[in-house]
Structures are given as structure tokens and as C-alpha cells.
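For reference, the structure is listed below as C-alpha cells.
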Amino acid sequence: MTTIEGVAIATEHWLTTEPDLAGAHPARLESIGVRLPARRLSTDELMASTAHDTHIDLERLTGIHERRIVADGEDSLSLAVGAARDCLNRSRHRAGDLDMVINASISKYAGGYRQRLEPPLSLLVKQAIGAVDAVSFDISNACAGMLTGVFLLNDYIRRGEIERGMVVSGEAISQLGRNAARQVRSIMSRQLASLTLGDAGAAVIVERDGTGSSGITTAAFTTLAKHSRLCLAYPSRVGPGATMYTRARTIHKVAIDNVPTLLREALDRAGLDLADIDYFIPHQTSSRAIRTGTRALQDIFRQLPGEVVDNVELFGNTSSTTHFVALHRLLQEGRMHAGDRVLLLALASGLEIGVVVFTIDDQMEKSWVS
Amino acid sequence: MGVVVVGTGVARPTRSPLSHGARRLADAAARQCLVSAGYQPDSINMLVNVGVYRERGLGEPALAALIQQDVDANAGRIKRGEHGTFSFDVDNGACGALTGLDVVRGFLTSHAIHVGMVVGSDSAPGPLHVRALPRPESGAAILLGRDEGVVGLSAVRQRTYPEYAELLEGYWEWVDGAGRFPRRPGNRLVVLERRGFVDRAAQCAAEVTTDYLDDFGVPTESVDLLVATPGQTFADELADLLGIGRERTLHVGEQLGAMHTAQPIAAIDQARRTGRWAAARTILLVAAGSGITVTTALYRH
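Each protein sequence line maps, in turn, to chains A and W.
Going by our numbering, the first sequence wraps up at 371, each residue one higher than the last.
Going by our numbering, the second sequence wraps up at 468, each residue one higher than the last.
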């Protein structure tokens with residue numbers, strides 16, 4: 002225990018998270034937006050394009066039937082801007098009301114496959130949507146990028162420094178699959194995971210919770226850096242875009258070994274059981290990984306959340322946007338309702354593990370009713 | 168309670184090939200920073216990398232995670248009853264250091280962490296890369312903590328001037344190899360600083376800083392030390408525009424002034440080493456970079 006302004010606070014926890022300080026302003030997810038490219042690429046089509054006879058039944062292995070892919074004229078920036086506009090259309094706020102815009106994508110392509118390093122892509126996004134006075138910067142945290150952005154906004158809002166901000170990401174990453182298709186020879190290839198990737202844009206507005214709803218219950222992150230080199234991506238040598246090298250099985254094993262401990266810690270701090278969660282949305286890599294992860298949770302917790310969400314069949318792994326692509330689908334299909342408690346589990350190269358627990362409120366549910 | 172600087176470190180490549188590259192320089196700067204502060208690596212609760220030009224253009228993971236592993240900051244097993252480290256990258260060009268400081272300041276203020284580190288470093292391009300702007304490889308690290316008796320670092324103010332975004336750009340792009348000389352196709356790094364960037368950046372910075380000081384009720388006469396980056400010309404022009412005498416402006420010099428994302432931290436390190444940091448009651452930090460983006464903050468002992 003440590004004492005902060007006369008209040009005893011438990012600090013002996015592995016995850017970095019906000020202490021329950023008096024006077025902190027609770028935050029909520031106010032609006033979610035998504036931009037999906039219209040073009041689809043089936044797993045059959047992708048595997049038919051491989052340069053080598055791989056003998057890999059990727060759909061059976063991963064559960065991915067198809068993914069969305071960008072067409073000419075679409076890139077990370079257009080996906081991010083499209084998602085940001087969708088998010089604002091479902092929000093009570095205008096772009097000018099945003100105090101902060103954080104771009105969290107790994108891919109930062111603007112103008113074709115030109116990967117922007119500086120100025121950061123967030124500058125282009127905020128200009129495009131009209132949030133000209135918002136503080137803007139990019140963060141880079143692999144597939145945990147968007148949830149890391151939510152984690153940062155939660156801190157700024159709880160301290161009262163800002164009222165609301167947007168995290169946005171446009172992932173134009175299907176090109177990694179095309180680059181991998183030229184080099185993958187067998188199921189043991191370290192580029193195999195690249196074949197699961199799909200494109201998507203997503204955005205979320207996080208704001209000070211003045212509604213009295215429960216909003217964000219907890220946001221907690223850590224980096225198990227001993228495993229930082231299990232997934233590495235660089236600009237490609239064989240084609241536009243990037244190439245990614247992944248030890249997917251090792252990552253999965255590390256996750257199975259460590260997620261339950263960290264999940265229990267995050268839930269304990271929130272005063273929740275796993276069974277209190279209505280929708281558990283893990284990072285979306287493959288149906289098989291989600292199934293084995295769920296079995297591990299069942300073995301250790303002896304209980305399960307209401308639903309473990311598997312959204313890979315039609316979208317594949319859309320990197321930093323996966324949680325919000327899954328959320329948008331649940332809301333769009335009318336399966337998610339006000340009062341539902343949602344747990345988002347980030348699992349990303351680094352190895353980054355993060356947990357965000359929040360409650361769907363009336364406004365968010367209604368914003369998706371057509 | 169204030170957020171204070173408890174250590175800094177700067178690394179430059181030596182003759183050893185093992186001393187080159189953004190990651191190794193970041194590692195060296197982080198270790199030096201820990202030594203200067205007298206802290207162990209495991210004391211770092213948050214590690215933020217703000218370097219933009221990572222070797223080979225690393226896209227993922229965050230470089231901060233690799234640095235965390237290299238310096239062995241809670242990199243191994245989860246230890247019950249102890250605090251781990253959360254690492255990620257903040258990208259905001261040459262303003263990233265102050266943005267990273269603001270992020271870490273926030274988590275220190277909310278007591279989510281006890282100690283946070285910001286690291287900036289940049290690689291030099293490989294022989295096949297196109298780069299119009301020569302910058303030396305460098306790394307710098309700064310460690311922040313809390314002190315009950317000091318005002319410390321204020322919230323960072325940022326403003327952007329996108330109408331000048333083309334004056335400084337950095338990107339990777341695919342080149343098919345077409346051209347006068349036969350070249351292999353590949354992704355190449357391009358960094359362009361166009362004529363007029365420094366003058367325009369100084370004008371933008373003066374505008375932002377004047378408003379910022381007005382909002383805080385701090386007259387320029389009470390600024391004891393101006394730490395302005397990037398480069399000596401920028402610092403001098405800004406000092407003149409603000410009416411702050413050159414004697415109250417940190418002389419960053421040629422070598423330090425050529426650094427990129429590490430420069431604001433390296434400048435703070437220089438101010439600490441020369442005793443000017445400790446001697447000043449009110450320090451004005453200003454960084455300008457691509458965008459044009461301007462970040463500014465006050466540091467008060």
C-alpha cells in the first residue's frame with residue numbers, strides 16, 4: 002500500500018492502471034465508427050495467388066473466409082478519416098468539440114503506399130474532419146494501438162485536463178498478405194500470419210462521463226518485453242507496404258501462460274468476476290486461437306463470460322481496429338444492448354497485454370439503430 | 168506535488184559498429200539515464216519511445232518494448248506484488264519528446280505510475296536510402312518522477328500549422344527502380360526539409376509561446392532559461408522574437424542542434440550538466456517540428 006493525499010492506495014499490481022482517487026472524472030466510450038472497404042478477398046483467392054504450392058488450408062486453420070481489402074484510392078488515411086466521420090455522425094459532438102485526436106494505426110499510408118513518419122498521420126486526420134484545434138499525435142503500439150489510445154484518453158479525462166478525445170486508426174495491411182503470398186512455402190513460414198490480415202478503419206470518442214452511467218470500469222496495460230521480438234514488421238523488400246515475421250505459436254503460448262493472471266488482476270481491481278462480463282472481445286487473430294484461449298480461461302476461472310466474440314470469418318485480423326470492428330458488428334446486428342458489460346482484451350506484439358472494461362449505454366446502442 | 172526530472176542520458180555512436188542504430192543508442196541513453204538518477208531498471212513503470220526513424224523502418228512492435236527488454240525493465244516473468252512496465256511509442260516528429268513528457272507527466276499526476284522514462288533516438292539511413300536531410304545518429308533519455316515540494320513540469324501546450332506541413336516531411340515509399348541509374352526496387356526512406364522551415368517554425372513557436380506565457384501569467388522577463396529546439400538558429404530566432412536575451416537561452420551548438428527526436432531531451436541533459444537547469448527558477452521548453460507543430464511547457468523548481 003502507498004498513501005496518496007492521505008488515502009491508502011493499493012499499488013502492488015503488475016498492470017499499469019488508474020488508482021481510485023477521489024475527484025477523478027469517470028470516462029465513457031461515447032461513440033464508435035467504422036469504415037470498411039467494399040472490396041472483398043476470399044481466403045481461397047488469396048491462397049490461389051501464392052507463388053509456391055503451400056498445401057495450407059488457411060480457412061480451416063484460421064476460420065477466416067474472407068477479408069476486406071483497399072481498392073485504388075483507399076489507404077490508411079482514407080480509412081481513418083472515413084471511420085472518424087462515421088464516429089462523429091453517431092456522436093452528439095462535432096469535430097470542433099474534440100480536445101485531442103490520437104492516431105493509433107501501424108500502417109500510416111497516405112497517397113498510396115507512402116508510409117508517413119512525419120508529420121504524423123493524426124495531423125492529416127484532424128484536418129480532414131475539421132478538428133483543427135485538437136491536440137494531435139500518433140501512437141505506435143502494434144495491434145494494441147487503439148486500446149492504448151483509449152488508455153491515454155482515459156487518463157487525460159480522469160485528471161480533468163480534457164473533456165473528450167478521439168482515437169482513430171486506418172489499417173491498410175492486406176498488402177502484407179500479398180507480399181507474404183510471394184514467399185510463403187509451408188505452414189511453418191513466419192509470414193503465415195500475414196495471410197490472415199484484412200483492412201479496416203475504426204474510431205472511438207472517449208469523453209468525460211456526465212451521464213452517471215458506469216462508462217469505463219477499468220483500463221489496464223503491461224508489456225511482457227521478454228517476448229518483444231516474437232513479431233516484427235519492416236518495410237518490404239518484395240513489394241509495396243510491409244513484411245511481417247511472426248512466431249505465432251510462441252505468442253499464443255505466452256498469451257495462454259500470462260493472460261489469465263493479468264485478467265484476474267484487472268477483474269479483481271474492478272471488483273468483477275469473468276461471469277459478470279457479457280461480451281468478451283479478444284484480439285481477433287484466428288478462430289482456433291480464440292477457442293483455445295477460451296478453453297484456458299474456462300480451466301482456470303471455472304466460469305466464462307456471456308459470449309466470447311469471434312469476428313474473424315468475414316474480416317480476418319484487422320490489427321489495431323479488431324475490437325471496434327467486432328463491436329460495430331454486434332451493435333449493427335442489434336445483439337448488444339444498454340447495460341451490457343464489455344471486456345476488450347488487447348494482445349499485441351511487444352508483448353502488449355491490455356484490458357479495457359466498459360458498459361454499453363443507451364446512446365451508443367441507439368446510435369447504431371438504423 | 169510536481170513532476171520532476173530525476174535523470175537524463177545522451178548516447179552518440181562510437182567507432183564500434185555495435186554502437187549504431189536507433190535501438191542501441193536508445194538502450195545506451197536509457198542505461199546512462201538510470202545511472203545518472205541512481206535508479207534500477209525495474210523502477211521504470213512506463214517507457215515511452217518518441218524516436219521516429221527506427222532502424223530498417225521497424226513498424227511493429229513499438230521500439231519501446233525492445234528497449235524495455237534490452238535494459239531489462241521488468242522484462243521477465245510477472246512478479247506478484249510488484250509493478251510491471253508498460254511500453255509504447257509516441258510519434259510526433261521533433262515535438263514527440265515534449266508530447267511523451269506530457270503523457271508520462273499525466274500518469275505520474277494520476278498516481279498510475281511512480282517513475283516514467285521517455286526515450287528518443289533516430290537511425291541513419293542505409294546506403295540505398297534517399298535522404299535529403301543529413302542527421303547524426305543519436306539517442307537521449309529522461310526519467311521523470313514526483314516531488315511533493317516542487318511545481319515541476321506543467322501541462323504541455325501544442326498547436327499545429329498544417330499550412331506549412333510540406334516544409335518538413337519524412338516517409339517510406341516504394342520505388343520501382345526506374346530512373347537514370349539502375350536501382351533495385353524497394354522501399355526507400357525520404358526526409359525532406361525545404362527552405363524556410365526554420366524561420367517559419369520560429370515564427371509559429373513565438374506565437375504559441377507568447378499565448379502560453381500570457382495564459383500562465385508569466386512575463387518573458389521572468390523566464391530564467393529558454394530551452395528551444397531544433398537547432399541553434401531556431402533557438403536564437405525564437406529568443407529574439409520573444410525578447411529573451413541570448414544569455415538566457417541554452418546554446419545547443421552544432422552537434423546537439425543537428426539531432427532530431429532526441430534533441431529536446433539532449434538539450435535538457437546539457438542544461439543539467441552545465442548547471443543552468445538547477446540555477447534557473449523558471450525554464451521555458453519549446454520544440455518545433457514537422458506539421459508545423461509547436462509544443463511548449465514550463466518547468467519550475
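A virtual CB, placed ideally from N, CA and C, is assigned to each residue, including glycine.
Here the structure is a predicted model, which is why all the values come from computation and not from measurement.
Leaving out five residues before and five after Thr400 (chain W) in sequence, what residues of the same chain have Cβ atoms less than 6 Å from its Cβ?
Val365
Can you round the beta-carbon distance between Val394 (chain W) and Leu153 (chain A) to whole angstroms, since I take them to be within the 8 Å contact cut?
That belief does not hold up - the Cβ atoms of Val394 (chain W) and Leu153 (chain A) are roughly 25 Å apart, past 8 Å.
Excluding the 5 residues preceding and the 5 following Leu332 (chain A) in the sequence, name in chain order all residues of the same chain whose CB lies nearer than 6 Å to its CB.
Trp369
Anyone know if the C-beta pair for Val357 (chain A) and Leu148 (chain A) falls short of 8 Å?
With respect to Leu148 (chain A), Val357 (chain A) sits close: the two C-beta atoms are nearer than 8 Å.
To the nearest angstrom, how far is the alpha carbon of Thr181 (chain W) from that of Glu222 (chain W)?
17 Å
Would Ala339 (chain A) and Asp210 (chain A) qualify as a contact pair, given that the criterion is a beta-carbon distance under 8 Å?
no
Would you mind listing the alpha helix (DSSP H) stretches within the stretch 71 to 128 of chain A that are 4+ residues and don't spill past its ends, in chain order?
77 to 90
Taking contact to mean at least 3 C-beta pairs separated by less than 8 Å, is the stretch 101 to 110 of chain A in contact with the stretch 167 to 182 of chain A?
Three or more beta-carbon pairs separated by less than 8 Å link the stretch 101 to 110 of chain A to the stretch 167 to 182 of chain A, which places the two stretches in contact.
Is the beta carbon of Tyr246 (chain A) less than 8 Å from the beta carbon of Arg289 (chain A)?
no
Among W:Ile435, W:Ala464, W:Phe274, whose alpha-carbon lies nearest the alpha-carbon of Thr175 (chain W)?
W:Ile435
Just how far apart, CA to CA, sit Pro397 (chain W) and Gly424 (chain W)?
6 Å
Among all the DSSP beta bridges, which residues are the ones paired with Gly283 (chain W)?
According to DSSP, which records beta bridges pairwise, Gly283 (chain W) is partnered with W:Met213, W:Leu311.
Would a check of beta-carbon distances place Phe274 (chain W) closer than 8 Å to chain A?
It does; some Cβ of chain A falls within 8 Å.
Taking any Cβ of chain A, which residues in the stretch 251 to 266 of chain W have a Cβ under 7 Å from it, in chain order?
Gly251, Thr252, Phe253, Ser254, Phe255, Asp256, Val257, Asp258, Asn259, Gly260, Thr266
Measure the CB-CB distance between Ala386 (chain A) and Gln304 (chain A) and report whether it falls below 8 Å.
In this structure chain A extends from 2 to 371, so residue 386 (chain A) is not present and cannot be described.
Just checking: is the beta-carbon of Ile158 (chain A) within a distance shorter than 8 Å of some beta-carbon in chain W?
no
Keeping to the same chain, check which residues put their C-beta closer than 7 Å to that of Gly83 (chain A); ignore five residues upstream and five downstream.
Arg36, Gly202
What are the residues in the stretch 332 to 359 of chain A lying within 8 Å of chain W by C-beta distance?
Ala349, Ser350, Gly351, Leu352, Glu353
For a test of the three-state rule: what should DSSP assign to Gly420 (chain W), helix, strand or coil?
helix
Cutting at 8 Å between CB atoms, please list the residues of its own chain near Val313 (chain A), excluding the five before and the five after it.
Thr63, Gly64, Ile65, Thr197, Gln285, Thr286, Ser287, Ser288, Ile291
Taking all protein chains shown into account, do 16 or more other C-beta atoms lie within 10 angstroms of the C-beta of Asp87 (chain A), making it buried, or fewer, making it exposed?
By the neighbour-count rule (16 or more Cβ atoms within 10 Å), Asp87 (chain A) is buried.
At least one CB of chain A closer than 8 Å to the CB of Gly353 (chain W): is that the case?
Closer than 8 Å to some Cβ of chain A, the Cβ of Gly353 (chain W) qualifies, so yes.
Would the beta-carbon of Thr159 (chain A) fall within 8 Å of that of Ala25 (chain A)?
Just to set this straight, residue 159 (chain A) is Arg in the shown sequence, not Thr. Going by beta carbons, Arg159 (chain A) and Ala25 (chain A) fall inside the 8 Å limit.
Could you say if the stretch 89 to 106 of chain A and the stretch 129 to 144 of chain A meet the contact criterion of at least three C-beta pairs nearer than 8 Å?
yes
Assuming contact is defined by CB atoms lying nearer than 8 Å, are Val357 (chain W) and Asp289 (chain W) in contact in what I supplied?
no
Quick one: residues in its chain with C-beta nearer than 7 Å to the C-beta of Arg69 (chain A), no 5 flanking neighbours on either side, listed in chain order?
Leu37, Pro38, Arg40, Arg41, Gly199, Asp200, Ala201, Phe316
Using a beta-carbon distance cut-off of less than 7 Å, what residues from the stretch 304 to 332 of chain W approach chain A?
Ala322, Gln325, Thr327, Pro329, Ala332
So Ile130 (chain A) contacts chain W; which residues on that side make the cut at Cβ distance below 8 Å?
Those do not exist, as Ile130 (chain A) stays about 13 Å from chain W at its closest Cβ, beyond 8 Å.
Under a CB-based cut-off of 8 Å, is Gly7 (chain A) close to chain W?
Note that Gly7 (chain A) scores 47 on pLDDT, short of 50, meaning its location in the model is unreliable and no value can be drawn from it.
I want to verify the contact list: residues of chain W whose CB lies under 8 Å from the CB of Ile107 (chain A), in sequence order.
Gly226, Glu227
Could you tell me whether the Cβ atoms of Asp258 (chain W) and Pro236 (chain A) are closer together than 8 Å?
Contact flag unset, no.
Could you please give the first and the last residue of the uninterrupted beta strand (DSSP E) stretch that includes Trp339 (chain W)?
335 to 342
Out of W:Val172, W:Gly267, W:Ser183, which one is the CA nearest neighbour of Ser203 (chain W)?
W:Val172
Within this structure, are the beta carbons of Val170 (chain W) and Leu380 (chain W) separated by less than 8 Å?
no
Just list the alpha helix (DSSP H) runs in the stretch 263 to 326 of chain A, keeping only unbroken ones of 4 residues or longer that don't cross its boundaries, in chain order.
288 to 302, 313 to 316
Grouping DSSP H, G and I as helix and E and B as strand, with all else coil, what is Met2 (chain A)?
With a pLDDT of only 47 at Met2 (chain A), under 50, the local geometry of the prediction cannot be trusted, and the value read off the model is given with reservation. Three-state result, Met2 (chain A): coil.
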